[in-house]
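Data first, discussion second: the structure below is written as structure tokens.
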Amino acid sequence: MHEKILFLPVSDLNRGRLLNLLGDMCLKQWETSQVMDDLNQAVYAYEDALRDDPTNVTYLGDLGSSLRLRFLQLGEVNDIDKAVLLQKEMVHLTMDGDPNKARMLTDLGTCLQIRFEQLGDSNDINTAVSQHQDALHLSPDGHPVKRIILGNLGNSLLARFEKLGDLADLGESVSKQEEVVCMTSHGHPDRPRALSQLGNSLGTRFEYLDDVRDLNECISYQQEAVHLTPDHHPEKPDYLSNLGTFLGSRFDRLGDIGDLNESISTLQKAVYLTADGHPHKPPMLNNLGNSFQRRFQRFGDLHDLNESILKLGEVVRLTPDGHPDKHRSLNNLGIALRNRFERLGDLDDLHESVLKHEDTVRLIPDGHPNKADMLTNLGISLNSRFEQLGSLEDLNRCISKQEEAVQITPGNHSKKLNMLNNLGNSLQSRFKRLGDHCDLDDSILRQRDAMNLTPEGHADKAGRQEGLGNALLHRFAQFRDPHDLEETIHQYTSAAHSTTSPAHKRFHAAWIWALSAHITQHPSLLQAYHVALDLLPEVAWLGLSINDRHHQIIEAGGVVRAAAATAITFGQLEKAVEWLEQGRSIIWGQLVNLRTPVDDLKQKHPELAEEFVLISAHLESTTNRGSDLQPTDPGTQKSLQSIAQQAHENAQKRVVLLNKIRELEGFQHFLLPKTMSELSPAAQKGPVIFLNVGKTSCDALLLLPGLNVLHEPLPEFTPMHVETLTKSFNRLVPYMGRGDIERLHGQREGGSQGLEDDFAHILSELWLRLVKPILDGLAITTPQNDNLPRIWWCPTGPLTSLPIHAAGLYGNADTFGSKLSDFAISSYTPSLAALIQGFRPMASSLSPHDHQLLAVAQPFAIGQNRLPGTLEEINRIQQCAKDKLPVLPLIGDEATIARVEEGMKKSTWVHFACHGVQNVHTPTESALLLAGSSQLTLSRIIQLNLPHANFAFLSACQSATGDRKLQEESVHLAAGMLLAGYRGVIATMWSIMDNDAPQVASDVYEHLFRTSPPDSTRAAEALHFATRNYREGPGGNKSFFHWVPFIHVGV
């Protein structure tokens, strides 16, 4: 049709009119289809119409409007420049008395505002406001255009406020938009736009003045705008983006995670509905990236941080140099990179963060309302780099930038409080470096102002209380003024009790509260620890992956040990046991809780029980999300984020459901930490010994059958002794390699005998200073060969890596009664709950063929030393089990993950003879090496729920080697087998020799199969005699490196 019209002679008076009508048709088609070719055809038709009649104001206006729309889709600056020129020409050609002049003026103002938002020229926004004001002056009351002009004027006033910071502009913007809403009736197609524009103005006023009523009204209007607009409407993504952004702001203010999750899902929809290349897409991605970052800072989910950096990096890439929003995108990416440095420790991220913030400050002009924010954030990254590298230049620059930020921020601006707090933190850093008391006093002054001016219920209140408390604690350390200490405790107490602050910050506040209370034995001391330990389930939030939860609780072990030591000092032994149990194997405990039967609840409230079990199952299924995926792949990232989002939502639902259940009669303590009376069955078969390593003392708590808890002080076994023994033991670790150990021994000065002597010294120290006093306390004083009692060891901190079970005097001093094995049979347990679980009755639904032993051997794992001894090991087991227990062997290539897992489900016993590997970076990826290059990882093992599982023998290296950063968490393969359902496990504390394992395994099974049916609860006894025989029998090997690594865990 376009070509046909163009073939009409230029003299034809209808040609221009027809071309313009064609443009109208194409534009109408584009509004429905959103296909760019339709909009392009409209522009071409309008251009041809204008060529025929260059002074026709209708043609000028239509072409200008279509170019403006195309700019909003594609971001070509040339389009908006042309639109402005056309609109100006249209206004110039139109007399003031023309009834259309007002509409032309406001359209010109809108074009100028759009160009301002792209290029940042203040003249454009000032002129835009003037054009709207002139239009308003020409517009009669009651005319429909007046409502449009008021809205446009309100938008331009808001844009000018965001550039120049004049509060009068902001107030007038709100006023104008309120008029527009009043003038726009319900059901009018422009009502959503009016509501959203008013919401934007109110939301901005909240950000400046911190009146929560403005924010709540803003969100209400944005929600109504979204509700009234269908998804296919071109403005729907903008309304969604506005709503998502302000929900994020409300989360920042009030801390409601529901707002944050809704913010993310709303912004995700806005991005999805917005075409690539649309000028509004980068700010939407920016807002989405910020909300992901908020959630990372709240809970610590690494997927959220990765997603944030992905989105914010894309925004920087999509935003051209010279764009007025470039500084904002760089600033947000700088913050995210600093957060990643704090999580992962890569200094390149920190350096890049500083560079991004420096670029931001360079790009943003003086007088810009956001300038102070940018200076503050540069200061924070410089302070972080100072903390890492110690450059005083960084710290001084940090303080200079933050002082400038405070100085240029009006006193009534809500963000000034945050700037004062950050400046106070930096002044504290300089005081700690240089010792200038003026810095400390100035810090206290700034942080007190920030704290006092922050209203109650503000999500940042706790952080500001903590900052002030920290400064006061430093001053107390200098001058010992008791008032400073009392106020320190008050500030940290308030921060720890905040309900709007993130759990990890509250936990840290409770910890410092406890440390401060220790100084004078403040009456609140035990309460501080009580608050800290009760926060642990929130710190290790179930919405996170296991690896993220492990990161969140790295500090927990030290706090728990200090809490127990304090309770012991106060004579509250049962409380000490309860706290030690509450604070160890936290993640395993959560997984057990997710699987805990709810029979009582099911009987009395079946619908609630069904809902609870379903949510728990969903949560457990997302526990190891990402462990077998490559997060660098975009599709994987999207999948991981979807799974993470679902996990977050389910975790929130489960909390709500738990609170509802605990309101029911008889369920007040449903899944709460166990009391002493509930924990005491752990000692039904013998004493359980907690070994607590505090800051100033080591103590043993002896849990005996019944309800008795005894305290055995260990005055000769101090924390310093533990540290010395641990360092000595760690020096031996490199010589604990599977295979050619003698060659490694020979490389050390003094040879293997020197290593053995060092090992003997460690074991003698453990015996004389730790184990012998405990046996005396238990009244186990007579050594014997048979009918030895059982003891379960539950060590804490650095003691978890020491071989307590082998404590004794060896060599020339080795006499009967000089070592632990002469008095008792030792086992370890990750927790009392694990023992109680192990003592449960076996499932009765087993068929006879399910009583079998799965024997897995992998002698030729790819990339590893060959283990020919594993084949001999399986042969010996088959000989021992003959006629006693069916054996299902899976050897070499037969031992695939699928077949092994299927075999585990069908067998009560399992034996692995293979390589084991410890993943020091991601402990849940520690694994048993199977067929080919496949790995049965800890993360897979803990997903197995094997109700018929009974006994596991992990004849593999490092199968009970935990993570040194998570000493209380028992993050190793043996504990994973307990979680999967096995009642007892034989495992190894370090690498074992290929020729040792067959003999030890053979002796263990020979002992177990003396009874029929074989009893796995005698596995500890079997290992006890097997290692004794290996050490002392004919041709025995007395080297500690060969027999000590074998341990028993569980029942």
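So the sequence shown is numbered by UniProt numbering: it starts at 1 and just counts up by one.
All C-beta atoms in this analysis are idealised placements derived from N, C-alpha and C, irrespective of residue type, glycine included.
- Scanning Ile941, Val1000, Ser621, Gln918 for the CA closest to the CA of Trp990 turns up Gln918.
- Within the same chain, Leu526, Tyr529, Leu573, Lys575, Ala576, Trp579 come within 8 Å of Ala567 by CB-CB distance, once the 5 residues on both sides are set aside.
- Per DSSP, Phe570 lies in no beta strand (DSSP E) segment and is marked neither H nor E.
- By the beta-carbon neighbour count (other beta carbons within 10 angstroms, threshold 16), Gln967 is buried.
- If you ignore the 5 residues before and after Leu86, its C-beta comes within less than 6 Å of the C-beta of Leu60, Leu63, Gly64, all in its own chain and listed in chain order.
- Nearest neighbour of Pro687 by Cα position, chosen from Ala779, Leu209, Ser616, turns out to be Ala779.
- In the DSSP assignment, Trp793 falls within the beta strand (DSSP E) that extends over 790-795.
- The alpha helix (DSSP H) runs of length 4 or more contained entirely in the stretch 839-881 are, from start to end of the chain, 869-881.
- The three-state secondary structure of Ser818, taken from DSSP, is coil.
- A Cβ-Cβ contact shorter than 9 Å links Ile399 with Arg430.
- Just measuring C-alpha positions, the residue of Ser677, Arg51, Gly777, Leu704 sitting nearest Glu712 is Gly777.
- Note on Pro523: under 16 other CB atoms within 10 angstroms of its CB, so exposed under the neighbour-count rule.
- Annotated as proximal: Arg205 and Gly171, with beta-carbon spacing under 9 Å.
- Assignment of Cys914 by DSSP, reduced to helix, strand and coil, places it in the coil class.
- DSSP places Ile554 outside both helix and strand once states are collapsed to three, so it counts as coil.
- The DSSP-derived three-state label of Thr988 is strand.
- Excluding residues up to 5 positions away in sequence, Asn692, Val693, Gly694, Thr796, Gly797 lie with their Cβ nearer than 7 Å to the Cβ of Arg561 in the same chain.
- Minimum Cα-Cα distance from Pro681 among the listed residues Asn659, Ser697, Leu704, Gly666 corresponds to Leu704.
- When Glu403, Gln999, Thr229 are compared, the shortest CA-CA separation from Leu273 is found for Thr229.
- Sixteen is the threshold: when 16 or more other Cβ atoms of the shown chains lie within 10 Å of the Cβ of Cys698, as they do, the residue is buried.
- In this chain, the beta strand (DSSP E) harbouring Ile825 covers 825-828.
- With contacts defined by Cβ atoms closer than 9 Å, Val971 and Pro923 form a contacting pair.
- Boundaries of the beta strand (DSSP E) around Asn692: 688-693.
- Here the C-alpha atom of Asn425 lies approximately 7 Å from the C-alpha atom of Ser443.
- Take the alpha-carbon of Asp81 and the one of Arg115: they are about 8 Å apart.
- Excluding sequence positions up to five before and after Gln41, its CB lies within less than 6 Å of the CB of Cys26, all in the same chain and listed in chain order.
- In the DSSP secondary-structure assignment, Asp699 is bridged to Asn692, Pro713.
- Between Gln222 and Gly199, the C-beta gap is smaller than 9 Å, which places the two residues in contact.
- Arg68 is the residue among Asn56, Pro54, Arg68 whose C-alpha sits nearest the C-alpha of Val43.
- Taken through DSSP and simplified to helix, strand or coil, Val577 comes out as helix.
- Residue environment for Ser1012: exposed (fewer than 16 other C-beta atoms within 10 angstroms of its C-beta).
- For Ala927, the enclosing beta strand (DSSP E) stretches over residues 927-929.
- For the 9 Å CB-CB criterion, Leu832 and Lys674 form a contact.
- Counting only runs of at least 4 residues, the stretch 295-332 fully encloses the following alpha helix (DSSP H) elements, listed from N- to C-terminal order: 302-318.
- Counting the other CB atoms within 10 Å of its CB gives Arg1018 a total of 16 or more, which places it among the buried residues.
- When the five nearest sequence neighbours on each side are left out, the beta carbons in the same chain lying within less than 8 Å of the beta carbon of Phe161 are those of Leu167, Asp169, Leu170, Ser173, Thr204, Pro369, in order along the chain.
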